[in-house]
Amino acid sequence: MRLAVLGDREDAPTTREVAGAVQVPYTHAAKVVSRLQHLGVVEARRGRNGGLSLTAAGRTGSLGRLVRELEGVGDVVGCEDDPPCPLRAACRLRGALRAAQEAFFAALDPLSIEDLVDTPTGPLLLSLSPRPEG
Numbered sequence: 005m006r007l008a009v010l011g012d013r014e015d016a017p018t019t020r021e022v023a024g025a026v027q028v029p030y031t032h033a034a035k036v037v038s039r040l041q042h043l044g045v046v047e048a049r050r051g052r053n054g055g056l057s058l059t060a061a062g063r064t065g066s067l068g069r070l071v072r073e074l075e076g077v078g079d080v081v082g083c084e085d086d087p088p089c090p091l092r093a094a095c096r097l098r099g100a101l102r103a104a105q106e107a108f109f110a111a112l113d114p115l116s117i118e119d120l121v122d123t124p125t126g127p128l129l130l131s132l133s134p135r136p137e138g
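Dropping the structure here:
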């Protein structure tokens with residue numbers, strides 16, 4: 005969301021700067037950026053004028069689609085895990101959880117990242133700093 009607020013600036017943040025801003029390990033941030041690049045949401049430029057920026061598709065694309073792509077559409081709980089749940093053949097919860105998951109995605113479908121960072125959220129987002137650990 006911060007990339008959406010920052011827009012296309014010459015001083016675009018690097019993956020390392022984003023990792024520090026959201027307090028995650030650089031390796032984790034690099035994997036997320038790589039995945040977002042693959043999905044066409046983020047553009048990463050190398051070199052002196054390098055950095056990260058949100059693509060037009062990343063700004064206006066469906067948030068529901070993006071979350072589906074990132075999280076996957078699988079079972080909410082691991083009914084087939086090892087050992088598998090003994091109730092899986094007669095369970096009513098599994099279907100209800102699938103319906104709830106799809107309702108969650110459907111609620112996000114009409115939204116875009118651009119919608120989320122519209123005023124007053126965007127400027128407020130940039131004013132936030134990470135919380136100290138502990």
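Per the working numbering: the sequence shown ends with 138, consecutive numbering throughout.
Ideal Cβ positions, reconstructed from N, Cα and C, are used throughout, including at glycine.
Query	Result
Contained beta strand (DSSP E) runs [length at least 3] in the stretch 20 to 92, N- to C-terminal order	46 to 49, 55 to 58
Proximity winner among THR64, ALA25, GLU21, relative to ASP122 (alpha-carbon distances)	THR64
DSSP three-state assignment for LEU112, whether helix, strand or coil	helix
Option nearest VAL71 by Cα separation, candidates ALA100, ALA60, ALA16, PRO114	PRO114
Member of VAL45, ARG49, LEU43 whose CA lies at the smallest distance from the CA of THR18	ARG49
Buried or exposed (CB count within 10 angstroms, at least 16 for buried), ALA33	buried
Proximity of LEU58 and ILE117 at Cβ, strictly below 8 Å	yes
Three-state secondary structure (DSSP) of ALA16	coil
Rounded straight-line distance, which links the Cα of GLY24 to that of ALA103	37 Å
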